[in-house]
Every structure is written in structure tokens, then in C-alpha cells.
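**Q** Take the sequence shown: its position 207, counted from the start at 1, is 208 in the working numbering, and no numbers get skipped.
By construction, the Cβ of each residue, glycine as well, lies at the ideal position given by its N, Cα and C atoms.
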Amino acid sequence: MTTKPAQWSFTRWRTIGHLEALEVHHPLFQARLFLQGGHLTNFAPRDEPDWLWLSDTARFEPGRAIRGGIPVCWPWFGVPAKNPPEVRRRILTTASHGFARTAVWKLEDVRESAHDVEISLSLDANTDFDEQWQGHALVLLTMTFSVRGCQIALTTTNLGNTPLAYSQALHTYLPTADIARTRVHGLDGSEFIDTLDNWTTKLQKSPVRFEGETDRIYQCGEPLIVSGPGGNRRLTAIGSDSTVVWNPGPDKARTLSDFPDEAWTTMVCVETANAMSDYRVLNEGQSHTLGVVLGRV
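1. Which same chain residues end up closer than 7 Å to Val25 when comparing Cβ atoms and leaving out the 5 residues on each side of it in sequence?
2. Pull up the distance between the alpha-carbon of Lys206 and that of Leu225, whole angstroms please.
3. Would you mind sorting Val298 into buried or exposed? The rule is 16 or more other CB atoms within 10 Å of its CB.
4. Out of Pro76, Thr143, Arg47 and Gln152, which has the shortest C-alpha to C-alpha gap to Leu295?
5. What residue from Gly222, Gly240 and Thr177 has the CA that sits closest to Arg210's CA?
6. Give a yes or no on whether the C-beta atoms belonging to Leu142 and Gly292 are separated by under 8 Å.
7. Measuring CA to CA, which of Ile71, Asn284, Met277 and Glu285 is closest to Pro86?
8. How should Gly77 be labelled, buried or exposed, when 16 other C-beta atoms within 10 angstroms of its C-beta is the threshold for buried?
9. Where does Leu93 land, buried or exposed, given buried means 16+ other C-beta within 10 angstroms?
10. Return the Cβ separation of Asn199 and Ser243 in integer angstroms, given the expectation that the two are a contact with Cβ distance under 8 Å.
11. So for Ala154, helix, strand or coil by DSSP?
12. Could you say which of Gly250, Pro230, Gly161 and Pro63 lies nearest to Cys270 if we only look at CA atoms?
13. Using a Cβ-Cβ cut-off of 6 Å (strictly less than) and excluding sequence neighbours within five positions of Asp179, which residues of its own chain qualify?
14. Below 8 Å between beta carbons: does that hold for Asp259 and Arg60?
15. Using a Cβ-Cβ cutoff of less than 8 Å, which residues in the same chain neighbour Gly1 once the five nearest sequence positions on both sides are dropped?
16. Counting only the same chain and skipping the five closest in sequence on each side, list residues whose C-beta sits under 8 Å from that of Leu188.
17. From Asp252 to Asp110, what distance separates their C-alpha atoms?
18. So what does DSSP say about Pro28, is it helix, strand or coil?
19. To test your reading of the DSSP string, which unbroken beta strand (DSSP E) runs of 3 or more residues are found completely within the region 92-177?
20. Would you list the residues sitting across from Gly232 in a DSSP beta bridge?
21. With a floor of 4 residues, list each alpha helix (DSSP H) that falls wholly inside the region 10-64, ordered by position along the chain.
22. Quick check on Gly250: does DSSP put it in helix, strand or coil?
23. Tell me whether the beta-carbon of Thr317 lies closer than 8 Å to the beta-carbon of Thr273.
24. So Leu53 packs on Gly64, CB below 8 Å; how close in whole Å?
25. Along the chain, where does the alpha helix (DSSP H) that runs through Arg89 open and close?
26. Can you give me the start and stop residues for the beta strand (DSSP E) that Asp195 sits inside?
27. In whole angstroms, what separates the C-alpha of Asn127 from that of Arg182?
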């Protein structure tokens, strides 16, 4: 059922740092998401540790991306210069990962039931972003929480009168007790671009292991299992044929903002994406949905 703020049973407004957030305290689960960035930072079924990793030194400030959770990278992923030409020609800045992760999204709806909560946000990417990007699109972000897990769906509709090329990612940070004993299963046999080795294309021949800095773009959108001490998670992609696997390793970790030096040992990013050759093009009025279901194994 659709409810108004005064009728919400489980969802409340909160101010965290200097940012507005929605907190869900359901009998079966809890979650926290911020209007800035449409950013989910916390989710956990009742009596379980958080399913998402959030930096201990994350700062909640206007215009500053939050380190951890599930940042929304849109309408481009990664460094602009490494995007396909059709995407790159729209980008008017050198900043990575697009502007959606620091833009303030609009709350559209909260739906609650005895079993789940669904929250929808929107971002009208119009002339307000002319200094960063050329285009006009409406983005709808829907998050659904239940005791089984959470689902995020990011739907882009081209409101312009010319074809819109863009790349994107749901940049999921997952916790682990030990990165050295963590594996990503389901990418065997997939080609990937190793950005740390001159963007060379390679073939994955086993579960992904971590022995230092890792930054790979896989040409694969198959369901994945992330296993390690402390628990396993299944990630099921929707509308994606590319996956990014990232861990900064010890040296890069020391250079990152809002990231403790040793935090690389307790997290891994497995990102559901439309990146590199998997970028998307929408004609006028067309829509595409990128999504991920984070669930149990």
C-alpha cells in the first residue's frame, strides 16, 4: 500500500551529519538510505550483521560521496576518458563516476507491508547539470527490502530528442572478515579488462582471489556468489552484461579519502554495471533498467 509520511509505520526521516536520510526499522529488517546520491548505506535482516560495508570514517556532507554501501554511478562509470566515445562526448568534466552519487534525489514513494518495504527516489537530470554533462534523462531508483535480502533497480528514461549513450554501475561494497580468504564465484571463463595491467584483456580461469590491489571489468552479467569468512552472498544482476570487481589493496588504500589504511582487508566491491562495451544507448522515450538482487546463498 502507498502511505504518506504521517502514516509510515516503519520508515522515519533522520539527519545524519549534514544529510537527510530515511531509516527503516521493520520487525524483520532495517535499512538506511540518503537522499544525496540515492545512496543505500546499510541493510540487515533482524539479528544479523550489516550486509553492506560502510567506512568507519565515512563523512556525511553535502557534495561529498559517501564511502561504502551502494553508490549509484551514473550517467558514466569510472574515468570519463576510458568510456566509449559515444558516452565520453557528453561528459564535460574529468570527475569519475558521474554526478548522480552526489546529487540530491527526490523521494517519490514509500510502500510498506508486513513483509517488505519499497522506497522509490527520482533524479531529473536536466539543465541543472549542464556544466558536467549534455543530456536529459529521468532516473527512477527503487529499493525493496525484505528478510530475504534487498533489490535495487535503476531505470533510466531518455527525455531528450537524440539518442542517449551512457554507462553506469551499482557500486556494491560487501564486508568480509578477511579479504585473503574471500572469493568471487561465477566469473570463471569470462574475459576481463585488467585496468592495472595497461587495460589488457585476460581470461578468468578460477574463482576470483585477492592478493593486493584488484580492479577488473568482466564481460559477464551472470549470478555471482561472494564467499568468505563471516558469510556468503548471492548477487543477481538485471539488465547487465558487465561486472566490476575492485579492492584497493594496501598502497592505494592509504591514498583514498574517508578510508582507513587497513580497511581494504575487510571489504570487496562487486559492481553490477553497464560498462565498457556494455554501455547502453536509448532512443527518445526509451528506458532501461539496471538492477541487482542481494540475497542469501
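**A** Let me spell this out:
1. Position 24 of the sequence shown holds residue 25. For Val25, where only same-chain residues beyond five positions count, the Cβ hits under 7 Å are Phe11, Thr12, Gln31, Ala32, Val118 and Phe146.
2. Mapped onto the sequence shown, residue 206 falls at position 205. Mapped onto the sequence shown, residue 225 falls at position 224. Roughly 15 Å between the two C-alpha positions.
3. Position 297 of the sequence shown, counted from the first residue, corresponds to residue 298. Per the 10 Å Cβ criterion, exposed.
4. Reading the sequence shown from its first residue, position 294 is the one you call residue 295. The shortest C-alpha separation from Leu295 is found at Gln152.
5. Here residue 210 is taken as the residue at index 209 of the sequence shown, counted from 1. Of the candidates Gly222, Gly240 and Thr177, the one whose C-alpha sits nearest the C-alpha of Arg210 is Thr177.
6. Taking the first residue of the sequence shown as 1, we reach residue 142 at position 141. Taking the first residue of the sequence shown as 1, we reach residue 292 at position 291. Contact: no.
7. Mapped onto the sequence shown, residue 86 falls at position 85. Selected option, being the one with the closest Cα: Met277.
8. Mapped onto the sequence shown, residue 77 falls at position 76. Note on identity: in this sequence residue 77 is Trp, with Gly being the wrong assignment. With 16 or more other Cβ atoms within 10 Å, it is buried.
9. The residue you call residue 93 lines up with position 92 of the sequence shown. Result: exposed.
10. Looking up residue 199 in the sequence shown gives position 198. Looking up residue 243 in the sequence shown gives position 242. 19 Å between Cβ atoms; not a contact.
11. Here residue 154 refers to the residue found at position 153 when the sequence shown is read from its first residue. Correct three-state label for Ala154: strand.
12. Residue numbering aside, residue 270 sits at position 269 when the sequence shown is read from its first letter. Out of Gly250, Pro230, Gly161 and Pro63, Gly250 has the C-alpha closest to the C-alpha of Cys270.
13. For the purposes of this step, residue 179 is taken as the residue at position 178 of the sequence shown. The answer, listed in chain order, is Pro230.
14. The sequence position of residue 259 within the sequence shown is 258, counting from 1. The sequence position of residue 60 within the sequence shown is 59, counting from 1. Going by C-beta atoms, Asp259 is nearer than 8 Å to Arg60.
15. Only positions 2 to 298 of the chain appear in this structure, which leaves residue 1 out of reach.
16. Position 187 of the sequence shown, counted from the first residue, corresponds to residue 188. Taken in chain order, the residues that qualify are Gln205, Pro208, Val209, Tyr219, Cys221, Glu223, Leu225, Thr244 and Val246.
17. If you number the sequence shown from 1, residue 252 lands on position 251. If you number the sequence shown from 1, residue 110 lands on position 109. Taking the straight line from one Cα to the other gives about 42 Å.
18. By one-based count along the sequence shown, residue 28 stands at place 27. Coil at Pro28, not helix or strand.
19. 107-113, 117-126, 138-147, 150-159, 165-167 and 169-176
20. Here residue 232 corresponds to residue number 231 of the sequence shown, with the count starting at 1. According to DSSP, which records beta bridges pairwise, Gly232 is partnered with nothing at all.
21. none
22. Locating residue 250 in the sequence shown gives position 249, counting from the first residue. If DSSP states are grouped into helix, strand and coil, Gly250 belongs with the helices.
23. What the structure shows of the chain is the stretch from 2 to 298, and residue 317 is not part of that stretch, so it cannot be assessed.
24. As a working note, residue 53 is residue 52 in the sequence shown. As a working note, residue 64 is residue 63 in the sequence shown. 22 Å between Cβ atoms; not a contact.
25. For the purposes of this step, residue 89 is taken as residue 88 along the sequence shown, with counting starting at 1. Arg89 -> alpha helix (DSSP H) spans Pro86 to Arg89.
26. Counting from 1 along the sequence shown, the entry for residue 195 is found at position 194. First-last of the beta strand (DSSP E) with Asp195: Glu192 to Asp195.
27. As a first step, residue 127 must be located in the sequence shown, where it is residue number 126. As a first step, residue 182 must be located in the sequence shown, where it is residue number 181. When rounded, the distance between both Cα atoms is 45 Å.
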